[in-house]
Every structure is written in C-alpha cells, then in structure tokens.
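Our numbering puts the first residue of the sequence shown at 431, with every later residue one more than the last. Beta carbons: idealized from backbone N, C-alpha and C, even for Gly.
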Amino acid sequence: FIVREDSGVKKLEDLTGKDFNPCMRGGACEQMTKDAFDALGIKPKWYVGSTDDAVQAIKDRRIVGYGKPMAGKDVPDASHLDLMTATKVRVLGFTEEQAKKVVEAHPYHAFTMIAPNVFKDQEWNKEPIRTMAISVGTGTTTRLPDDVAYAIVKAIVEDNAPGGGGVQAAAFPGVKGWDFAKLTTEDGLLKSPPLHAGAYKYYKEIGKKVPDALVPPEAKR
C-alpha cells in the first residue's frame with residue numbers, strides 16, 4: 431500500500447475517511463485489501479479504477495494512495511517507480527498484531543516482509559515492512575505417482591537454490607534466491623491442503639520439519 435508522503439498518512443489506520451484505491455478493479459488484490467481493512471475496522475473512501483487511473487489520481491492529489499502488488503517481495507512494481515519520480519511516497523505496513531487479526535478473520539490470506547532498502551534511500555524502508563502476500567502453489571491429486579511428484583518438487587526447489595539452473599528466476603526475476611522448501615513448510619501455507627506423498631518424502635529427505643497440517647493422510651497411518 432503506497433500513499434503520498436504529503437498526505438499525512440503514516441499508518442494504515444490513518445486511511446479511514448481518506449480517498450484510496452484498494453487495487454485494480456476486479457483483481458484479487460482488491461478483495462484482499464477490503465478483507466484486511468474490514469478486519470481492522472479501517473474505512474477509506476474507496477476509489478474504484480484501474481492501476482493507471484489510480485496512479486494518475488495520486489499524481490493529481492485526488493486520492494492519497496493505492497494498493498498494488500509488487501513483481502516479487504524484493505522487486506518494486508513499475509507503477510511504484512513511476513509515482514516515485516512524480517512525488518514523494520511512503521509504503522504502509524502492518525504491525526504484527528494487525529497481521530494476526532487479519533489472518534484470524536481470513537485464514538487464507540498470508541503475509542511476508544519487504545526487506546530493508548528495496549525502495550532505495552527511503553527512510554521508511556530502513557527496516558523491514560510487513561505486507562500482504564499472494565502465495566502461489568501447485569496442486570495435484572493423489573493419482574499422480576509418488577516418484578513423479580517427488581521429481582517435480584526436487585527440480586523446482588533445487589533449480590532456484592544456489593548453484594541451481596535458475597530457469598525460474600530467469601523467467602521471473604522476482605523469485606530469484608527464494609527458498610521454496612522454506613516457503614512451503616514454514617511461511618504461511620499451513621492452511622493449504624496436505625502435501626502430496628512424493629513432495630512430503632522430498633522435504634523429509636532434505637531435513638525439513640513438516641507441520642502436521644501438511645502431512646499427507648497416508649503418511650499418518
């Protein structure tokens with residue numbers, strides 16, 4: 431969530447009563463924003479429109495800010511950079527308590543941290559910023575053979591690890607260096623369906639502690 435620096439908005443609660451674009455009209459992030467703000471009792475005056483509409487409205491001072499996903503948690507969106515050439519801005523983060531409250535109300539939403547200095551030379555990004563995240567995963571059925579699922583997961587994880595081929599990062603730089611095994615077993619996917627038995631086998635082999643909620647039923651017998 432980005433706002434104009436001169437709007438006086440310093441934290442999410444300050445958006446109540448302000449004109450704000452929740453995200454591009456009809457996008458998943460629009461609903462995520464409304465879910466989160468609803469859970470926190472934050473009530474902006476919603477400005478509905480496309481990303482281009484929102485960016486222009488911010489430049490014209492018709493709204494204070496907008497929501498827009500980044501290309502990865504360490505890669506600012508092009509529209510963010512566009513705004514930063516026109517005016518001083520600020521990224522608004524969630525407190526730990528706010529994030530917990532959102533997840534309690536909407537267990538399918540997740541959070542992550544924007545690392546320090548992703549937005550270069552900005553005082554407000556000298557520390558990590560907690561923000562909402564969209565977790566993208568791959569699902570299948572139990573009919574997929576265990577050895578095939580094992581091979582797929584192994585290839586995905588090891589391609590993105592140091593020394594890996596880097597095919598995924600070449601296609602989508604925002605995921606470069608991400609630890610997919612950690613993301614799966616530790617970071618925010620505990621409400622997802624159980625792992626496939628082949629995936630479970632791989633994570634156990636590399637020493638990952640798999641939460642009980644992700645253990646496939648057949649492994650509990």
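- Under the DSSP assignment, D483 falls in the alpha helix (DSSP H) whose first and last residues are 481-489.
- In the DSSP assignment, Y496 forms a beta bridge with I432, N451.
- The three-state reading of DSSP puts K475 in strand, counting E and B together.
- For I582, the enclosing alpha helix (DSSP H) begins and ends at 576-589.
- The segment 516-535 makes no contact with the segment 569-578, as fewer than three CB pairs between them are under 8 Å.
- Counted as a single uninterrupted DSSP element, the beta strand (DSSP E) harbouring A540 occupies residues 540-544.
- DSSP places A563 in the strand class (E or B) of the three-state scheme.
- Within the same chain, Cβ atoms closer than 6 Å to the Cβ of A535 are found at A469, the five residues on either side in sequence being excluded.
- Beyond the five residues adjoining it in sequence on each side, G595 comes within less than 8 Å, by CB distance, of D589 in the same chain, given in chain order.
- Sequence-distant Cβ neighbours of A579 in its own chain, meaning closer than 6 Å and more than five residues away, are H626, G628, A629.
- With at least 16 other beta carbons inside 10 angstroms of its own, I488 counts as buried.
- Under the DSSP assignment, V645 falls outside any alpha helix (DSSP H); it carries neither an H nor an E label.
- In terms of Cβ geometry, A611 and P624 do not form a close pair [threshold 9 Å].
- Under the three-pair Cβ rule at 8 Å, the segment 475-486 does not count as touching the segment 531-551.
- Taking all protein chains in view, the Cβ of T615 is crowded by 16 or more other Cβ atoms within 10 Å, so the residue is classified as buried.
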